[in-house]
Each structure stands twice: as C-alpha cells, then as structure tokens.
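Participant: Pasting a structure here, questions to come.
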Amino acid sequence: MNEDIQALLDAMAEALKQRLSAQGTPDPVMVGIHTGGVWVAEALHRRLALRQPLGMLDISFYRDDFSRIGMHPQVKPSNLPFSVDDRHIILVDDVLFTGRTIRAALNEIFDFGRPASVTLAVLVERGGRELPIEAQVVGKHLSLRPDQQVKLRGPDPLRLEIVSIGGDQ
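With full-length UniProt numbering applied, the sequence shown covers 1 to 169.
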C-alpha cells in the first residue's frame, strides 16, 4: 500500500489545529495508544508543538476481550505525565475499526481523572464499528473486506500494510 504517511500526518495536524482553534481549546494534551497510536501521536505532537509532554496508554488490561485473548506478552505501563482533570485531551490511535480499543482507552483515561473533553484522531478509519465511536480527525478512510486488516508498521519509516487474516477475529 503506497500511502504518503507524512502527507496524511500533515493533513491531520492541520485539521487538529483548525478544530482546536475553532473550539478555543486552551493548552491541549495528547495521548497515544500503544503501539501504532504512539507513533502517530509522536508525529502529530511535533507538528502541533504542544507544550505538555506526550502521554502514552497501554490498554491491554482494559480490553473487554482480555480473558479471551490472554496476557499480551509486551504489556507496557501507561504514562500520563500530566493531570487529566479538566484537560482537553487529543486521543490518538493508528486504526479505528470496531471501537473497542478506544472504549478501553477512554476507560483508562477516566481512571486517571475527568477530562474536559476528548478529541479522537486516527490515521486510518475503516468500517466495522461495533460500538458508537467516531473519530473527529481522520487521515484516511478505507473500505476493506472482512478478511483484511490494515496494519501500521514502523516506527521509521511509518508505512501502512493491508494483510489478510484467518476466519476468526
């Protein structure tokens, strides 16, 4: 898949700037979801020149399918180096599919406190939502067959790959 990831990130950063400006959002913070969401968030954080350090979430223990998928061997600790109370948070992930990852991320964020707002930014949005979750900023919309997934590979360089999967997922 030949995508210009840098161009998608530039467009996302511009859309976020416009959205934040229109809302009059003061001093937002950004949180990336491990692993691909952190890569995207790092790039957006640089482009937006945000003052607060980047936060990172590992939502492994918050997934509603945790007992089904078992312990993930590379669970990383979450790191939110700021208070989330009354903050405007930009939550970033690489791919929005069913919405379950975002639901888990929101649960974890709310365990840290109560934000003023959460804006969802994703590099790729594809059909197949199982929960009523929608991104406000999207780099690219994709239509894929049920037996396909889109994966972000990286971190340097970032590239998108469409892969075929088995019958269950």
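Glycine included, every Cβ here is placed at the ideal spot set by N, Cα and C.
Remember, it's a predicted structure, so these values are computed and weren't measured experimentally.
Can you list the beta strand (DSSP E) stretches of 3 or more residues lying completely in the UniProt domain "Phosphoribosyltransferase" (4-138), in chain order?
Facilitator: 29-33, 55-57, 88-96 and 117-126
Participant: Expressed to the nearest angstrom, what Euclidean distance is found between the alpha-carbon atoms of residue 108 and residue 3?
Facilitator: For this step, residue 108 is matched to residue 108 along the sequence shown. For this step, residue 3 is matched to residue 3 along the sequence shown. Distance from the CA atom of residue 108 to the CA atom of residue 3, rounded to whole angstroms, is 32 Å.
Participant: Can you list, in chain order, the residues of its chain whose CB lies under 6 Å from that of residue 25, leaving out five sequence neighbours each side?
Facilitator: Translated into positions along the sequence shown, residue 25 becomes position 25. Excluding residues within five positions, the ones whose Cβ falls inside 6 Å are 88.
Participant: Have a look at residue 130 and residue 146 and give me their C-alpha separation to the nearest angstrom.
Facilitator: The residue labelled residue 130 in the question sits at position 130 within the sequence shown. The residue labelled residue 146 in the question sits at position 146 within the sequence shown. Taking the straight line joining both Cα atoms gives about 13 Å.
Participant: State the start and end residues of the unbroken beta strand (DSSP E) segment that holds residue 152.
Facilitator: On the sequence shown, position 152 is the one that residue 152 refers to. Taken as a continuous stretch (DSSP letters only), the beta strand (DSSP E) holding residue 152 covers 148-153.
Participant: Using a Cβ distance threshold of 8 Å, determine whether the stretch 76-94 contacts the stretch 29-45, with at least three qualifying pairs required.
Facilitator: yes
Participant: Helix, strand or coil, according to DSSP, for residue 145 in the structure here?
Facilitator: Looking up residue 145 in the sequence shown gives position 145. Residue 145: coil per DSSP, three-state reduction.
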